[in-house]
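Undergrad: What follows is a structure written as structure tokens; I'll ask about it next.
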Amino acid sequence: TIEILYNRSLMYLILFLILSLHAIGQQVLIQEGEEIIENQSKKGYSTTIELDLSIITKEWQKKLKESGNLKSKSNIYTVEMANIPSISSASLKIYSKVEATIKGGKVWFAVDLMPNTNQTDNNISGENAKKYLRDFAVQLYIEDINSQIKDAEKILNI
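As structure tokens, this is what we get:
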């Protein structure tokens, strides 16, 4: 039994080191960029996430739905009357696009104030918009690592 405990502890240590190296390698960089959405050039922010595109797309759709009524056409998403208090207290329109990259997927998004906004604080915080996107990517990486740990634990418990 001591040998089994030793082997299991060694496997956990190796798994931890591998996952730590994977996590350290994942940097979330936010870049400014333009995309053509609804025949208009929009300035926004993007990040590349090194995970499966289907997971990125599914989770980004869920994230956007939290802020309002999501509309999608192909890989382009819009949310009118979006509510994201950390970015602005005013109603927003979100424009977003998810595309495949060599290593995973790129998520781009931009926010505009809705026309005829009657609220006094109608500024958009660019820094908070970047944080919104960064937090999303970080959360995906955390969920991916947790999933890998669960899978490894299943193997070790066999």
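FYI, in this note's numbering the residues of the sequence shown are 24 to 181. Heads up, the beta-carbon is just placed ideally off N, CA and C, and yes, glycines get one too.
(1) By Cβ distance, which residues of its chain are closer than 7 Å to threonine 124, with the 5 residues on each side in sequence left out?
(2) Please name the residue in Glu82, Glu122 and Ala133 whose C-alpha comes closest to that of isoleucine 107.
(3) Inspect the beta-carbon positions of tyrosine 198 and lysine 120 and report whether they are closer than 8 Å.
(4) Pair every Cβ in the stretch 110-118 with every Cβ in the stretch 164-173, then say whether three or more of these pairs are closer than 8 Å.
(5) Around the C-beta of isoleucine 117, are 16 or more other C-beta atoms found within 10 angstroms, so that it is buried, or is it exposed?
(6) Quick one: Cα of isoleucine 53 to Cα of leucine 156, how far?
(7) If you scan the stretch 75-99 from start to end, which runs of the alpha helix (DSSP H) of 4 or more residues do you find wholly inside it?
(8) Cutting at 7 Å between CB atoms, please list the residues of its own chain near leucine 51, excluding the five before and the five after it.
TA: On the basis of the data shown:
(1) For threonine 124, where only same-chain residues beyond five positions count, the Cβ hits under 7 Å are Thr71.
(2) Relative to isoleucine 107, the option among Glu82, Glu122 and Ala133 whose CA is nearest is Ala133.
(3) Residue numbering for the chain in the displayed model covers 24 to 181; residue 198 lies beyond these limits and cannot be assessed.
(4) Fewer than three Cβ pairs drawn from the stretch 110-118 and the stretch 164-173 lie within less than 8 Å of each other, which leaves the two stretches out of contact.
(5) Around the beta-carbon of isoleucine 117, 16 or more other beta-carbon atoms lie within 10 Å, marking it buried.
(6) Taking the Cα positions, isoleucine 53 is about 8 Å away from leucine 156.
(7) Fully enclosed alpha helix (DSSP H) runs of 4 or longer: 76-88.
(8) According to the sequence as given, residue 51 is valine; it is not leucine. Excluding residues within five positions, the ones whose Cβ falls inside 7 Å are Thr70, Arg157, Ala160 and Val161.
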